[in-house]
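Please read the structure below before turning to the comments.
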Amino acid sequence: MSAQLKLIGSEKDASNMDRQKALEAALAQIDRAFGKGSAMKLGSREAM
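Numbering-wise, the sequence shown is residues 506 to 553 according to our numbering.
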């Protein structure tokens, strides 16, 4: 039973990592197309 729980947890971590990589790739593509600072994560306060 605990082996199944560990497997599900590792699948969840892999899914989160894939989602994070896809988000970073999408933001990089938007930055290339429209310029840096065109899309930002909520709560980030970078100077432009």
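Glycine included, each C-beta is placed from N, C-alpha and C at the ideal position.
Fair warning: this is a prediction, and the values are worked out from it, not measured in the lab.
- When secondary structure is reduced to three states using DSSP, residue 515 falls in the helix class.
- Residue 515 and residue 538 have their C-alpha atoms roughly 35 Å apart.
- Apart from sequence neighbours up to five positions away, the residues of its chain that approach residue 544 with a beta-carbon distance below 8 Å are 532, 535 and 536, ordered along the chain.
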